[in-house]
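Take a look at the structure below.
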DNA sequence: CCTTAACTTCACAAGTTTCTGAAAGAAGCG
DNA sequence: CGCTTCTTTCAGAAACTTGTGAAGTTAAGG
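Residue numbers (this note's numbering), protein chains in the order written: chain A, 11 to 174; chain B, 11 to 174.
If you want it as structure tokens, here you go:
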């Protein structure tokens with residue numbers, strides 16, 4: 011097993027990056043953002059520069075740029091400028107990225123909006139309209155529940171891993 | 011507004027179907043399954059035949075076949091054979107399809123598996139390994155919470171809409 | 001058991017997405 | 001203020017996806 015000075019098994023890490031990225035793709039994320047994100051996740055510092063990403067993933071600077079833009083929009087990574095350099099570095103917030111995952115706030119709101127439209131188009135007293143109203147109620151319910159769940163997770167997390 | 015005998019506004023319904031489908035697409039679903047699903051959702055009986063779907067969505071039987079196969083695999087629709095006919099009909103279970111949505115059982119399990127691999131590849135005592143272990147714990151937590159949440163929803167649903 | 005209606009599969013064409021190289025755009029540093 | 005280094009934008013090529021028509025399969029009903 012080929013390891014570097016700090017004992018990192020590049021081969022195994024790269025394999026993990028690709029397989030985790032594949033899961034993200036399956037869940038609907040675009041390939042390049044997924045690979046970039048997985049690479050960041052498996053870096054010890056949680057940060058990588060654009061050049062490091064390009065190197066590790068064997069892609070052009072343009073691809074990194076595009077992928078990072080998407081991730082930043084989704085609040086899954088933060089961009090930081092290294093002081094005194096034109097180098098940008100991208101960071102995954104260890105204990106916050108998966109909160110972003112469940113924080114589908116915007117997505118859920120859009121669904122709720124579409125469903126409300128549906129209830130109106132179909133008529134609230136039609137069978138289809140009633141089905142839709144029920145679904146809408148479900149999303150409203152889930153919305154509130156998720157917030158509470160994340161609260162419980164923060165408590166739990168502290169128990170398991172100590173203060174943040 | 012053009013309506014049929016039972017007062018359905020085809021124009022408005024079709025518009026809803028397309029806009030709801032668009033939301034599903036945005037959330038990662040393929041276009042054809044999304045459109046088929048939205049059409050089923052907005053039908054009063056909750057069922058449509060292959061021919062009806064093709065007609066309403068203006069697509070070939072082959073496209074319907076492919077889309078339905080996907081939806082059936084995801085347990086979002088059930089196939090029923092009309093007795094005494096070669097006609098198949100597809101049904102959305104009004105109060106169960108969105109449970110399927112949250113029932114990402116298989117997806118979550120695969121993520122957990124990938125993360126476990128990650129912890130091993132990176133080493134549980136490395137910073138990256140620890141980050142991954144924390145994420146894994148999060149998914150395990152969510153897994154259990156969702157089950158409880160759905161239980162609460164069933165109670166809530168009964169309050170709101172009566173027994174099923 | 002043959003006919004026929006219905007669904008499925010498959011090869012391919014059209015459309016879309018994704019990545020690249022090249023050029024343009026910022027920003028540190030002399 | 002201009003040189004240099006890094007990032008972004010953009011047009012186009014390559015790869016992938018998606019939907020179609022046509023052929024193939026299944027099963028009802030005579």
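All C-beta atoms in this analysis are idealised placements derived from N, C-alpha and C, irrespective of residue type, glycine included.
Residue i versus residue j - alpha carbon distance
| i | j | result |
| --- | --- | --- |
| residue 71(B) | residue 65(B) | 9 angstroms |
| residue 53(A) | residue 83(B) | 36 angstroms |
| residue 43(A) | residue 81(A) | 6 angstroms |
| residue 76(A) | residue 102(B) | 38 angstroms |
| residue 175(A) | residue 94(B) | Lying before the first or after the last residue shown, residue 175(A) is absent from chain A, which here runs from 11 to 174. |
| residue 123(B) | residue 142(B) | 12 angstroms |
| residue 22(B) | residue 132(A) | 8 angstroms |
| residue 163(B) | residue 31(B) | 25 angstroms |
| residue 20(A) | residue 121(B) | 21 angstroms |
| residue 73(B) | residue 63(B) | 10 angstroms |
| residue 165(B) | residue 158(B) | 11 angstroms |
Selected residue, minimal CA-CA separation from residue i, among the options
| i | options | result |
| --- | --- | --- |
| residue 146(A) | 104(B), 75(B) and 133(B) | 104(B) |
| residue 96(B) | 121(B), 60(B) and 47(B) | 60(B) |
| residue 49(B) | 37(B), 87(B) and 163(B) | 87(B) |
| residue 119(B) | 122(A), 34(A), 134(A) and 76(A) | 34(A) |
| residue 89(A) | 56(A), 68(A) and 172(A) | 56(A) |
| residue 67(B) | 109(B), 24(B), 106(B) and 32(B) | 24(B) |
| residue 156(A) | 19(A), 63(A) and 108(A) | 108(A) |
| residue 47(A) | 169(A), 85(A) and 19(A) | 85(A) |
| residue 150(A) | 91(B), 150(B), 63(B) and 167(B) | 167(B) |
| residue 125(B) | 106(B), 110(B) and 148(B) | 148(B) |
Integer-rounded CB distance, given that residue j should sit under 8 angstroms from residue i
| i | j | result |
| --- | --- | --- |
| residue 139(A) | residue 152(A) | Not quite, the Cβ-Cβ distance comes to about 20 angstroms (not below 8 angstroms), so this is no contact. |
| residue 45(A) | residue 27(A) | 7 angstroms |
| residue 99(B) | residue 51(B) | In fact, because the Cβ distance is near 15 angstroms, the residues do not count as touching under 8 angstroms. |
| residue 127(A) | residue 29(B) | 7 angstroms |
| residue 160(A) | residue 112(A) | 6 angstroms |
Three-state secondary structure (DSSP) of residue i
| i | result |
| --- | --- |
| residue 88(B) | strand |
| residue 59(A) | strand |
| residue 153(B) | helix |
| residue 101(B) | strand |
Every unbroken alpha helix (DSSP H) within the region 114-168 of chain A, with a cutoff of 4 residues, ordered by chain: 115-132
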